[in-house]
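Numbering (this note's numbering), first residue to last: 42 to 382.
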């Protein structure tokens, strides 16, 4: 039976992640009616915030700051006070690791925090493109440092904005987890994009063309809602040029990327009532044999937290999205961000 809008449900396969998404408009309000009702940030008094300038002594050890050796810093990269993995234990090797049925490794790895601004009141979308570019370049520098560790296979950069998105502090920050494994979702993405390349000789992300999915574009980047978006109003920012590693980003392109990210965050905030969101940089593993470079392509994924995950999603890995991507893209295209922002 068709929904009230006349659109039938669809199942779409995401060629990048190799999973299926059910689009069910009967479960949705109008796309323009989606508004977050969750409080954006955990309540953290400024005088107690360890990430504010002047409170450096409350944090775990610093790795570097921008500018270097400057008390009036703009960005700090520090160790996570409560790391998921530990840098102070010996990494496992093929000869000495504690491996049981190929399922246990010692918990070696790096878990870092990037404090994105010294000011408690500012969020990522409030910063200028140049300031956001410096954050990207801090991520790049830290990835390059971590790549010197042969045991580190993959670095995940992510940001949790808002309590319901997993943020424990309201002060703007992102995180980096350097892993001694390639996570299954990354391996699946590599396998899926390789299958497309083997069949067509092309990178499936380079091939994204649909104008119906496009939100905005700049010289070197596009923002879009993916064809099989897992979540309502999910946004990808994708380089127009083929590049497998995020840390290949240069300073000039970083400013351009910062401008497009700022625009997407402002559109999302205005249209969806400043929702909690998760932000992930998807990139290529660090130490491949080079063959994957032809079919891997880094991109940024932004997921506003508008719907919950239920038993069906957990049980099947197949998600239900109540908003067709073309409708979400149209709504976001039409959001006007004031020039002053």
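Glycine included, C-beta positions come from ideal geometry on N, C-alpha and C. Since the structure is predicted, the reported quantities are computational estimates derived from the model, not experimental observations.
Handout entry: Which of helix, strand or coil DSSP assigns to residue 288
Key = helix
Handout entry: Outcome for residue 209 when other beta-carbon atoms lying within 10 angstroms are tallied against a minimum of 16
Key = exposed
Practice task
Could you tell me which residues DSSP puts in a beta bridge with residue 318?
Solution key: Residue 318 is bridged by DSSP to 202 and 345.
Practice task
Specify, as a first and last residue, the run of the alpha helix (DSSP H) that residue 373 falls within.
Solution key: 366–374
Exercise for the section: Quickly, what does DSSP pair residue 125 with across the bridge? List them, please. Expected result: Residue 125 is not bridged to any residue.
Problem - Cα-Cα separation between residue 283 and residue 182, rounded to whole angstroms - result: 21 Å
Handout entry: Per-residue burial, residue 125 [other beta carbons within 10 Å of its own, 16 or more giving buried]
Key = exposed
Exercise for the section: Label residue 275 either buried or exposed according to how many other C-beta atoms from any shown protein chain fall within 10 Å of its C-beta, with 16 as the threshold for buried. Expected result: Residue 275 should be labelled buried.
Practice task
Could you work out which residue in 224, 242, 265 and 241 is closest to residue 252 when comparing CA atoms only?
Solution key: 265
Problem - Beta-bridge pairing of residue 176 - partner residues as DSSP gives them - result: Paired residues: none, contrary to the question.
Exercise for the section: Look up residue 20 in the DSSP assignment and give the residues it is bridged to. Expected result: Since the first residue of the chain shown is 42 and the last is 382, residue 20 is not available in this structure.
Problem - Residue interval of the alpha helix (DSSP H) (run including residue 237) - result: 225–241
Handout entry: Environment of residue 153 [buried if 16+ CB atoms lie within 10 Å]
Key = buried
Handout entry: DSSP-derived helix/strand/coil call for residue 191
Key = DSSP places residue 191 in the coil class of the three-state scheme, outside both helix and strand.
Exercise for the section: Measure the alpha-carbon distance for residue 217 versus residue 66 and round it to whole angstroms. Expected result: 36 Å
Problem - Three CB pairs or more closer than 8 Å across the segment 154–169 and the segment 286–293 - result: Result no; under three Cβ-Cβ pairs closer than 8 Å.
Handout entry: Nonlocal neighbours in the same chain, by C-beta distance under 6 Å from residue 61, ignoring five residues either side
Key = Within the same chain, residue 61 has close Cβ partners 52, 54 and 359.
Problem - Beta-carbon spacing of residue 130, residue 114 below 8 Å - result: no
Exercise for the section: Using three-state DSSP, classify residue 144 as helix, strand or coil. Expected result: coil
Practice task
Mind checking who residue 258 pairs with in its DSSP beta bridge?
Solution key: 263
Problem - Helix, strand or coil at residue 52 [DSSP, three-state] - result: Note: residue 52 maps to strand in three-state DSSP.
Handout entry: Chain-order list of residues whose beta-carbon lies under 7 Å from that of residue 117 (same chain, five-residue window excluded)
Key = 103, 106 and 156
Handout entry: Helix, strand or coil at residue 57 according to DSSP, with G and I counted as helix
Key = Assigned with DSSP and collapsed to three states, residue 57 falls in coil, not helix or strand.
Exercise for the section: Count the other C-beta atoms from every protein chain shown that fall within 10 angstroms of the C-beta of residue 337, then say buried if there are 16 or more, exposed otherwise. Expected result: Counting Cβ neighbours within 10 Å, residue 337 comes out buried, since at least 16 surround it.
Exercise for the section: For chain D, find out if any of its Cβ atoms is closer than 8 Å to the Cβ of residue 316; answer yes or no. Expected result: As a matter of chain content, chain D is missing from the structure shown, which is built from one protein chain.
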